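A.B. asks: If you scroll down you'll find the structure; I have some questions about it.
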Amino acid sequence: VTELLSALGSAWPRLLFFPGGLSAVLAALALHARLQGCGLDGTPSGTRSMLQTVIDIVPPLTVLTLLPLPPARSFPYGIDLALALALLEWPYLRMLAVRGQLAQTLAQRMPAYAMLLLAAGGMAEAVGSIGLSDLIAADVTGTDRWLLSWSALVWIGTLLTLLEHNPLLAALRLRGLGLLAVGSLPLLGWLAPALPEVGRAWTLVPLGGLLIGSLFGFWVRLWRFSSPERRRLAALTGDSDPAGAWRCGILILLVLGDAGF
Amino acid sequence: MLRNSLPRLLSGLFLALGLYLIWRVQADAWIPARAGGWLRADGLNALMISGLGALALTDPHRSWLRLAGLGLLVGALLSLHLGLTAMLLVASAVVLSRGSAGWQATIGLLPAAGGLFLIGSAGSWDYLDPIAGAGLNSVAFGLILIGALAAGGAWRGIVSGSPPPLDPLVALAGLYPLYRLFGIGAWNLGWLYAAMLGGAALAFWAAQNAWRSTASARHDQLTLVAVGVAIAGAGMGSSAGVALGGLAGLTMIVQRLGLSDPEPHAWTLWAVSGAVPLSLPFISGWAALAAALSGRLSVLALALWAAIMISLGAILRDVPPVVSAPSRRAVLVSGLSMIGGIASPLILVWAIVPAVSQLQRGLTPFGDLELWPWAGLIALDATGRPVATAPSLALLGLMLAISAIAWIGLRLVRPVRD
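Laid out in structure tokens, this is it:
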């Protein structure tokens, strides 16, 4: 118990500043301002009580707080991909239930969730673990390397559908940031060796975040304002568009092939 | 009054017996000297008896006949003699078939009894005898697996497309012979694959049926999802797989308690869906994924994850937008689900680990679900490397701290916005 309490006690910079707390709130606002600028629309939200807001905010904020990002102080009890996904989706499911749109929206978003699970399965198969700290520190080669990066791209691409038409609630902004951050972990792991060793811990997240955030914004723009041909290009990893169904097939083949079937 | 409440009281006694036996067998199995070597209580049957008692308590169709069937099932579970177990399973199938769901719900126990009979006649009737393993062949295994898959009545649904005629007591008891096989001998790879495939297919099929079916038929389909997950857990053949079976059984009980209400309250639906972080169905779903990954079975993990997500959607689609004041049952189910989930590390250590350690004889080292001291649960692969982590207690502490910070932060921001 002492160990647990001391770990929680020494986690306060994570809770207040980085990767949770202030930095998470600012990054979520910046990401959504960028996405709205790129055409990913949101819908106006109703008023909510303080208690409801706290109930919705806490699970996604917990995921952001526990992200294994440098230079945050290490926390011995990390979470995994399944837990992160469940905590991030909590405010979204609650919002749908409150609006009475749960059955209809879940049915519509089922293909996107299937892609998300497939991407998670691909990452798990490549790394042999779903711990978030293992995803960023994955030392993989050959097919596993392809599988991991492809799965991370599919995860991020699927967010095109999952972040569309969301009400402008603080909890859902944090959810969007969390989903993008979790999918970015393998890509940050890739980027890390390219940065100079001195100061890598301080530059990785700002540079990687900026790069991935901008690329995602470009992706959204490509998707929203372009011809069907270009849309097909964007569908490389995104959405549940039938034109991009082959990417799903490739991912299944990679997972199965890597699993030794 | 007494006529109605006595079956409930006696079901409660079976639950108490199961809990007592779990406490009694913590260190080692218990063979009562007075029973002449016919009875044996260990972690597996103690856990199953508690589960059957709890299911009988949640059952809306309480009758003396069902109580007699429950008594026969408990006798079958406690018997050390495979022939007696087989006979008692057949007798309970006959008695329970006269209840609400009919013979189509209980017929699954017959192939299971046949499989146990084959093992006993070819090897030894005493399942602790090392020679008993000699009788364990593919025919006997196949019968027992078919029995477990058919005990939920799914075969009827597959053949005719109608909702499965399910008896929850039979569905749970059908798993006993399958898990008992680990105490008799090691499984070969083909059997493990067959159980994995059969369990995952049953879970997936039942989950998509639950999504399509009407609200009244949904809870039987969800019970089948839990049965399928437990069978897949057996197919993993590891400590983590057996632990998963235990957690899936607990989830089945909480779901049946919640969804047997004709009009479940929104709280109940959230609590039994697995969408609420740290609730019991949520931890059970996580365990399915973690157990499969700890054996490096990513494809199985994906199939079980998909089945669990679909059943989650199937439950949540009934949530009404306007939430009324919760009923007593809704409070009870939500409380049980949350306490069960947060205390899952303690449940694992107290109720499930004795069963796992006493079945070690037939288990493979590929995957373990362990207590993460004072933090939650952790899944380890064959090399002892963590593959999945659910630090439920640490997370709870962290979430409380974040709630306090969020509350203070919102108090500072809100007046400006207003």
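If you're matching them up, the sequences are chains R and C in order.
1 is the number of the first residue of the first sequence in my numbering; add one for each residue after it.
1001 is the number of the first residue of the second sequence in my numbering; add one for each residue after it.
We treat Cβ as the ideally placed atom computed from N, Cα and C, and that holds for glycine.
Predicted model, so just to flag it, every value in this text is computed and none were measured.
For Ile1378(C), which beta-bridge partners are listed by DSSP?
C.D. replies: Your numbering for residue 1378(C) matches position 378 in the second sequence. Beta-bridge pairing links Ile1378(C) to Glu1370(C) and Thr1389(C).
A.B. asks: Residues of the region 1293-1326 of chain C with a CB closer than 7 Å to any CB of chain R: list them in chain order, please.
C.D. replies: Cβ contacts with chain R come from Leu1293, Arg1296, Ser1298, Val1299, Ala1301, Leu1302, Trp1305, Ala1306, Met1309, Gly1313, Leu1316, Arg1317, Val1319 and Pro1321.
A.B. asks: Check whether the Cβ of Gly199(R) lies closer than 8 Å to any Cβ atom in chain C.
C.D. replies: Counted from its first residue, the first sequence places residue 199(R) at position 199. Chain C, which has no Cβ nearer than 8 Å to the Cβ of Gly199(R), makes this no.
A.B. asks: Output, in chain order, the set of chain R residues within a Cβ distance shorter than 8 Å of Thr1389(C).
C.D. replies: On the second sequence, position 389 is the one that residue 1389(C) refers to. Neighbours of Thr1389(C) on chain R, chain order: Tyr77, Gly78, Ile79, Asp80, Leu83 and Gly131.
A.B. asks: Tell me the DSSP secondary structure of Gly131(R) in three-state form.
C.D. replies: Counting from 1 along the first sequence, the entry for residue 131(R) is found at position 131. Gly131(R): strand per DSSP, three-state reduction.
A.B. asks: Between which residues of its own chain and Thr158(R) is the CB-CB distance below 6 Å, once the five residues before and five after are set aside?
C.D. replies: Residue mapping note: residue 158(R) aligns to position 158 of the first sequence, counting from 1. Contacts found: Ala112, Met115 and Leu116.
A.B. asks: How long is the line joining the alpha carbons of Leu264(R) and Ser1279(C), rounded to whole angstroms?
C.D. replies: As shown, chain R starts at 1 and ends at 261. That puts residue 264(R) outside it, with no answer to give.
A.B. asks: When you compare each of Pro1354(C), Arg1098(C), Asp1167(C) and Ala1151(C) to Ala1240(C) by their alpha carbons, which one comes out closest?
C.D. replies: As a first step, residue 1240(C) must be located in the second sequence, where it is residue number 240. Cα-wise, what sits closest to Ala1240(C) is Pro1354(C).
A.B. asks: Should Ser1403(C) be flagged as near chain R, meaning a C-beta pair shorter than 8 Å?
C.D. replies: As a first step, residue 1403(C) must be located in the second sequence, where it is residue number 403. For Ser1403(C), the answer is yes, since a Cβ of chain R falls inside 8 Å of its Cβ.
A.B. asks: Are at least three pairs of beta-carbons, each pair with one atom in the region 1314-1329 of chain C and one in the region 1257-1271 of chain C, less than 8 Å apart?
C.D. replies: Output reads yes: the region 1257-1271 of chain C touches the region 1314-1329 of chain C.
A.B. asks: If you draw a straight line from the alpha carbon of Ala1291(C) to that of Ile1308(C), how long is it in whole angstroms?
C.D. replies: Here the question's residue 1291(C) lines up with position 291 in the second sequence. Here the question's residue 1308(C) lines up with position 308 in the second sequence. Distance between the alpha carbons of Ala1291(C) and Ile1308(C) is about 14 Å.
A.B. asks: Using a Cβ-Cβ distance under 8 Å, would Arg99(R) count as near chain C?
C.D. replies: By one-based count along the first sequence, residue 99(R) stands at place 99. Yes, contact with chain C.
A.B. asks: On the criterion of 16 or more Cβ atoms from any shown chain inside 10 Å, does Pro1177(C) qualify as buried, or is it exposed?
C.D. replies: Within the second sequence, the letter at position 177 stands for residue 1177(C). Result: buried.
A.B. asks: Compare the C-beta of Trp90(R) against all C-beta atoms of chain C and say whether one is closer than 8 Å.
C.D. replies: Residue numbering aside, residue 90(R) sits at position 90 when the first sequence is read from its first letter. By this cut-off, Trp90(R) is an interface position.
A.B. asks: Along the region 1332-1353 of chain C, where does the CB come closer than 7 Å to a CB of chain R? Name the residues.
C.D. replies: So the list is empty, because no residue satisfies the distance condition.
A.B. asks: Is Thr141(R) helix, strand or coil when you go by DSSP?
C.D. replies: By one-based count along the first sequence, residue 141(R) stands at place 141. Of the three classes helix, strand and coil, the one that applies to Thr141(R) here is coil, per DSSP.
A.B. asks: Applying a beta-carbon distance threshold of less than 7 Å, which residues of chain R neighbour Phe1282(C)?
C.D. replies: Mapped onto the second sequence, residue 1282(C) falls at position 282. Here the neighbours are Ala86.
A.B. asks: Is it true that the CB of Leu87(R) sits closer than 8 Å to the CB of Pro60(R)?
C.D. replies: For this step, residue 60(R) is matched to residue 60 along the first sequence. For this step, residue 87(R) is matched to residue 87 along the first sequence. In contact: Pro60(R) and Leu87(R) (Cβ atoms closer than 8 Å).
A.B. asks: Take Gly1075(C) as the anchor and find which of Leu1057(C), Ile1049(C) and Gln1360(C) has the nearest alpha-carbon.
C.D. replies: Residue numbering aside, residue 1075(C) sits at position 75 when the second sequence is read from its first letter. With distances taken between Cα atoms, Gly1075(C) lies closest to Ile1049(C).
A.B. asks: Output the boundary residues of the alpha helix (DSSP H) element that contains Pro1354(C).
C.D. replies: Within the second sequence, numbered from 1, the residue matching residue 1354(C) stands at position 354. Val1353 to Gln1358 is the extent of the alpha helix (DSSP H) around Pro1354(C).
A.B. asks: Which two residues bound the contiguous alpha helix (DSSP H) that contains Ala1201(C)?
C.D. replies: As a first step, residue 1201(C) is located in the second sequence; it is residue number 201 there, counting from the start. It spans Leu1189 to Arg1212 - the alpha helix (DSSP H) in which Ala1201(C) sits, taken as one unbroken run.
A.B. asks: Going along the chain, which residues of the region 1370-1399 of chain C sit with their C-beta nearer than 8 Å to a C-beta in chain R?
C.D. replies: For the region 1370-1399 of chain C, which is checked against every Cβ of chain R, the residues closer than 8 Å are Trp1372, Pro1373, Trp1374, Ala1375, Gly1376, Asp1381, Arg1385, Pro1386, Val1387, Ala1388, Thr1389, Ala1390, Pro1391, Leu1393, Ala1394, Leu1395, Gly1397, Leu1398 and Met1399.
A.B. asks: Anything in chain C within Cβ reach of Ala24(R), meaning under 8 Å, just list it in chain order.
C.D. replies: One-based indexing of the first sequence puts residue 24(R) at position 24. None at all; the shortest Cβ gap to chain C is about 10 Å.
A.B. asks: For a test of the three-state rule: what should DSSP assign to Ala1041(C), helix, strand or coil?
C.D. replies: As a position in the second sequence, residue 1041(C) is number 41, starting the count at 1. Residue state, collapsed to three classes: strand.
A.B. asks: Touching or not, the region 1369-1376 of chain C and the region 1069-1089 of chain C, by the rule of three or more beta carbon pairs under 8 Å?
C.D. replies: The answer is no - the region 1069-1089 of chain C does not touch the region 1369-1376 of chain C, with fewer than three Cβ pairs under 8 Å.
A.B. asks: Going by beta carbon distance, what residues of the same chain come within less than 8 Å of Leu168(R), once the five residues before and after it are set aside?
C.D. replies: As a first step, residue 168(R) is located in the first sequence; it is residue number 168 there, counting from the start. So the list reads His32, Gly42, Thr43, Pro44 and Ser45, once near-sequence residues are dropped.
A.B. asks: Determine the DSSP secondary structure at Gly1274(C), reduced to helix, strand or coil.
C.D. replies: Position 274 of the second sequence, counting from 1, holds the residue named residue 1274(C). In the structure shown, Gly1274(C) sits in coil (DSSP, three-state: anything other than H, G, I, E or B).
A.B. asks: Taking C-beta to C-beta, are Val1254(C) and Gly1120(C) nearer than 8 Å?
C.D. replies: On the second sequence, position 254 is the one that residue 1254(C) refers to. On the second sequence, position 120 is the one that residue 1120(C) refers to. No, these two residues do not count as a Cβ contact at 8 Å.
A.B. asks: Would you mind working out which of Met50(R), Leu35(R), Val98(R) and Asp134(R) sits nearest Gly1409(C), comparing C-alpha positions?
C.D. replies: Looking up residue 1409(C) in the second sequence gives position 409. Minimum Cα distance to Gly1409(C) is reached at Met50(R).
A.B. asks: Which term fits Pro206(R), buried or exposed, when burial requires 16 or more other beta carbons within 10 angstroms of its beta carbon?
C.D. replies: In the first sequence, residue 206(R) corresponds to position 206, counting from 1. Burial call: exposed.
A.B. asks: Who pairs with Pro167(R) in a beta bridge, going by DSSP?
C.D. replies: By 1-based counting over the first sequence, the position of residue 167(R) is 167. For Pro167(R), which the question treats as bridged, DSSP gives the partners Thr43(R).
A.B. asks: Considering only their Cβ atoms, is the gap separating Arg1040(C) from Leu1078(C) smaller than 8 Å?
C.D. replies: Numbered from its first residue, the second sequence carries residue 1078(C) at position 78. Numbered from its first residue, the second sequence carries residue 1040(C) at position 40. For Leu1078(C) and Arg1040(C), yes; Cβs fall inside 8 Å.
A.B. asks: Going by C-alpha distance, which of Val1319(C), Gly1335(C), Gly1233(C) and Ala1394(C) is nearest Phe1366(C)?
C.D. replies: Position 366 of the second sequence, counting from 1, holds the residue named residue 1366(C). Phe1366(C) has its Cα closest to that of Gly1233(C), out of Val1319(C), Gly1335(C), Gly1233(C) and Ala1394(C).
A.B. asks: For His1081(C), count neighbouring C-beta atoms within 10 Å of its own C-beta (all shown protein chains included) and say buried if the count is 16 or more, exposed if not.
C.D. replies: Locating residue 1081(C) in the second sequence gives position 81, where the first residue counts as 1. Under this definition His1081(C) is a buried residue.
A.B. asks: Pro1164(C) and Gly1174(C): beta carbons closer than 8 Å?
C.D. replies: Numbered from 1 along the second sequence, position 164 holds the residue referred to as residue 1164(C). Numbered from 1 along the second sequence, position 174 holds the residue referred to as residue 1174(C). Cβ atoms of Pro1164(C) and Gly1174(C): not closer than 8 Å.
A.B. asks: Determine whether the Cβ of Trp1286(C) lies closer than 8 Å to any Cβ atom of chain R.
C.D. replies: In the second sequence, residue 1286(C) corresponds to position 286, counting from 1. True, the Cβ-Cβ gap to chain R drops below 8 Å.
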